[in-house]
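Input: a single structure, listed below in structure tokens.
Number of protein chains: 2
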Amino acid sequence: MRTLPLDRVYQFIEPGPVVLLTTRYRDRANVMAMSWHMMVDFEPPQLACIVSDANESFVPLRKTRECVIAIPPAGLARTVVDIGNCSGRDVDKFARFGLDTKPARRVAAPLLPACIANLECRVIETRLVNAFCLFVLEVLQAWVEPRLRGEKTLHHQGYGRFVLDGDVVRVPSRKP
Amino acid sequence: MRTLPLDRVYQFIEPGPVVLLTTRYRDRANVMAMSWHMMVDFEPPQLACIVSDANESFVPLRKTRECVIAIPPAGLARTVVDIGNCSGRDVDKFARFGLDTKPARRVAAPLLPACIANLECRVIETRLVNAFCLFVLEVLQAWVEPRLRGEKTLHHQGYGRFVLDGDVVRVPSRKP
Chain A
1 MRTLPLDRVY QFIEPGPVVL LTTRYRDRAN VMAMSWHMMV DFEPPQLACI VSDANESFVP
61 LRKTRECVIA IPPAGLARTV VDIGNCSGRD VDKFARFGLD TKPARRVAAP LLPACIANLE
121 CRVIETRLVN AFCLFVLEVL QAWVEPRLRG EKTLHHQGYG RFVLDGDVVR VPSRKP
Chain B
177 MRTLPLDRVY QFIEPGPVVL LTTRYRDRAN VMAMSWHMMV DFEPPQLACI VSDANESFVP
237 LRKTRECVIA IPPAGLARTV VDIGNCSGRD VDKFARFGLD TKPARRVAAP LLPACIANLE
297 CRVIETRLVN AFCLFVLEVL QAWVEPRLRG EKTLHHQGYG RFVLDGDVVR VPSRKP
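What follows is the structure, given as structure tokens:
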């Protein structure tokens, strides 16, 4: 994987792909699927996301204040659904679904080399965690996998129905 | 337009389409383009979005605590970019771009009948507005335009480059 310049992170998150979120807490890693996220600022890149307190990843995220957000290619659709349909309480999802990991540089949560991009994140704002399970993250380090450049991403519409990236339309614009 | 059941709102926002946000303040309506938004809860549907304080819509949204979020079909790509590349300070965007409006039921901000869906929203949380320009909204009333069912949406990747909805993949899943 190659370093992704931080000022380009928004180009991966802004179009709304389903992502995987990894954590590591008390030496145990976990991964969940997530579509409720958005950009908050360009650089340093900040994101917000909703991690329900019903998710096994909630406590690790709140306690360690660290995670990795990885953007899976369309070919991982079944794995994404499988990850979303079981809990780290019951199973080691990495082993169960044959998901390779790699140590991150700035956080304890693992990278997912099978993904198009990996964002190492730190929690920077927790005021809306109690009321909305809303975390604001800052991206400390970002990676892109050159072999997966141009792979389509998945956009979830509910119950395992995903729209893939389709045609590209370009309209001249001054706005990032 | 027909009423959209509130428990289905997430299916329109979750896949990450670019949206238009309308406001009305002191009898003046405005509209901006926005890709930094996410779902926060299913029902009643709650969303979060970033409206920069550099945007003309920031003060109207903060003062009136109301807006409409509309999801444009791909055919409106040029209009979306045009809306994003000028300011309501200088121009009446509705007149300039021939954008029809209709009164909403629950808020003063106008609906956009040329869009696939329209969500009438109230601001319910402002604690992160000063630090992050982050608003949490509740959808009070939602509309869908049956003639535009199945139209593709736009996913912004920066500088007027949009990925259109493409093929649909279905993987059996228990999760909404």
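These protein sequence lines map, in sequence, to chains A and B.
Under our numbering, the very last position in the first sequence is 176; numbers go up by exactly one each time.
Under our numbering, the very last position in the second sequence is 352; numbers go up by exactly one each time.
Note that beta-carbon positions come from the ideal geometry of N, C-alpha and C, so glycine has one too.
Cβ of Val107/A less than 8 Å from any chain B Cβ?
-> So, not an interface residue.
Find the residues of chain A that neighbour Asn261/B, judging by a C-beta separation of less than 8 Å, and give them in chain order.
-> Ser173, Arg174 and Lys175, listed in chain order.
Going by the beta-carbon positions, is the gap between Val80/A and Ala114/A smaller than 8 Å?
-> The Cβ atoms of Val80/A and Ala114/A lie no closer than 8 Å to each other.
At a Cβ cut of 9 Å, what residues of the segment 116–143 of chain A count as close to chain B, listed as they run along the chain?
-> Flagged, chain order: Glu125, Arg127, Leu128, Ala131, Phe132, Cys133, Leu134 and Val136.
Taking Arg204/B as the query, report the chain A residues whose CB atoms sit under 8 Å from its CB, ordered along the chain.
-> Near Arg204/B there are no residues of chain A at all, since even the closest Cβ is about 23 Å away, more than 8 Å.
With distances taken Cα to Cα, identify the nearest neighbour of Pro220/B among Arg202/B, Cys243/B, Asp266/B and Ala318/B.
-> Of the candidates Arg202/B, Cys243/B, Asp266/B and Ala318/B, the one whose C-alpha sits nearest the C-alpha of Pro220/B is Ala318/B.
With a cut-off of 8 Å, does the C-beta of Lys152/A fall near any C-beta of chain B?
-> Cβ-Cβ to chain B under 8 Å: yes for Lys152/A.
Does any CB atom of chain B fall closer than 8 Å to the CB of Ala114/A?
-> Chain B contact via Cβ: absent.
With a CB to CB cut of under 7 Å and the five nearest residues on each side skipped, what residues in its chain are close to Asp53/A?
-> So the qualifying residues of the chain are Cys133.
Should Thr179/B go down as buried or exposed, given a rule of 16 or more other Cβ atoms within 10 Å for buried?
-> Exposed, because fewer than 16 other Cβ atoms sit within 10 Å of the Cβ of Thr179/B.
Straight-line CA distance for Phe94/A to Glu56/A?
-> Distance between the alpha carbons of Phe94/A and Glu56/A: 14 Å.
Residues near Phe273/B by beta carbon distance below 7 Å, same chain, minus five either side | Same-chain partners within the cutoff: Thr255, Asp258 and Ile259.
May I ask whether a heavy atom of the ligand SAM can be found less than 7 Å away from the beta carbon of Arg254/B?
-> Absent from the structure shown: the ligand SAM. Ligands present: none.
Which residues, in order along the segment 62–86 of chain A, keep a beta-carbon less than 9 Å from a beta-carbon of chain B?
-> Listed by position, the residues of the segment 62–86 of chain A near chain B (Cβ gap below 9 Å) are Ala74, Ala77, Arg78, Val80, Val81, Asp82, Gly84 and Asn85.
How many Å lie between Val68/A and Pro60/A at the Cα?
-> Rounded to whole angstroms, the separation of the alpha carbons of Pro60/A and Val68/A is 12 Å.
At which residue ranges does the segment 222–272 of chain B contain complete beta strand (DSSP E) runs of 3 or more residues, listed in the order of the chain?
-> List check, beta strand (DSSP E) in window: 222–226 and 242–247.
Bridge partners - Met210/B, DSSP secondary structure assignment = Answer by DSSP bridge pairing, in chain order: Val195/B.
Beta-carbon neighbours of Ala224/B, restricted to chain A and to distances below 7 Å = Result: Met38, Ala48 and Leu134.
Could you name the residues of chain B that Phe58/A contacts, counting a contact when the two beta carbons are closer than 7 Å?
-> The premise fails here: Phe58/A is roughly 15 Å from chain B at the closest Cβ pair, so nothing lies under 7 Å.
Express the C-alpha separation of Tyr159/A and Gly342/B in angstroms, rounding to a whole number.
-> Counting only the Cα atoms, Tyr159/A lies some 18 Å from Gly342/B.
Mind listing the chain A neighbours of Arg337/B? Cutoff is C-beta to C-beta under 9 Å, in chain order.
-> Within 9 Å Cβ-Cβ: Gln11, Val168, Val169, Arg170, Val171 and Ser173.
According to the neighbour-count rule (16 or more other Cβ atoms, all chains shown, within 10 Å of its Cβ), is Arg24/A buried or exposed?
-> So Arg24/A ends up on the buried side.
If we cut at 8 Å on Cβ distances, does Gly264/B have a partner in chain A?
-> Not an interface residue.
Please list, in chain order, all residues of the same chain as Met214/B whose beta carbon is under 6 Å from its beta carbon, the five residues on each side excluded.
-> Non-local C-beta neighbours of Met214/B in its own chain, meaning closer than 6 Å and more than five positions away in sequence, comprise Ala224, ordered along the chain.
List the residues of chain B whose Cβ lies closer than 7 Å to the Cβ of Pro15/A, in chain order.
-> By Cβ distance, chain B contributes Gly192, His331, His332, Gln333 and Val339.
For my contact list, Ala74/A and Leu148/A are in at a C-beta cut-off of 8 Å; report their separation, rounded to the angstrom.
-> The pair is not a contact, with the Cβ atoms about 10 Å apart (cut-off 8 Å).
Asp183/B: which of Val315/B, Leu197/B and Ala280/B sits nearest, CA to CA?
-> Residue Val315/B is the option with its Cα nearest to Asp183/B.
Given a threshold of 16 other Cβ atoms within 10 Å of its Cβ, counted over all protein chains shown, does Val144/A qualify as buried or as exposed?
-> With 16 or more other Cβ atoms within 10 Å, it is buried.
Could you have a look at Leu201/B and say whether DSSP puts it in helix, strand or coil?
-> A quick correction: the sequence has Tyr, not Leu, at residue 201/B. It is a strand residue.
Counting along the chain, where does the beta strand (DSSP E) carrying Ala109/A start and finish?
-> Run containing Ala109/A: none; DSSP gives neither H nor E here.
When the Cα of Ala177/A is compared with those of Met1/A, Glu151/A, Val171/A and Gly88/A, which residue comes out closest?
-> Because chain A here runs from 1 to 176, residue 177/A falls outside it and cannot be looked at.
Thinking C-beta only, is Arg282/B closer than 8 Å to Glu301/B?
-> For Glu301/B and Arg282/B, no; Cβs fall outside 8 Å.
Using a Cβ-Cβ cut-off of 6 Å (strictly less than) and excluding sequence neighbours within five positions of Val19/A, which residues of its own chain qualify?
-> Only residues of its own chain outside the window of five on either side were considered, and among them Met34, Ile69 and Ile71 have a CB closer than 6 Å to the CB of Val19/A, listed in chain order.
Return yes when the Cβ of Pro322/B is within less than 8 Å of the Cβ of Thr198/B, no when it is not.
-> Result no, Cβ atoms of Thr198/B and Pro322/B do not sit closer than 8 Å.
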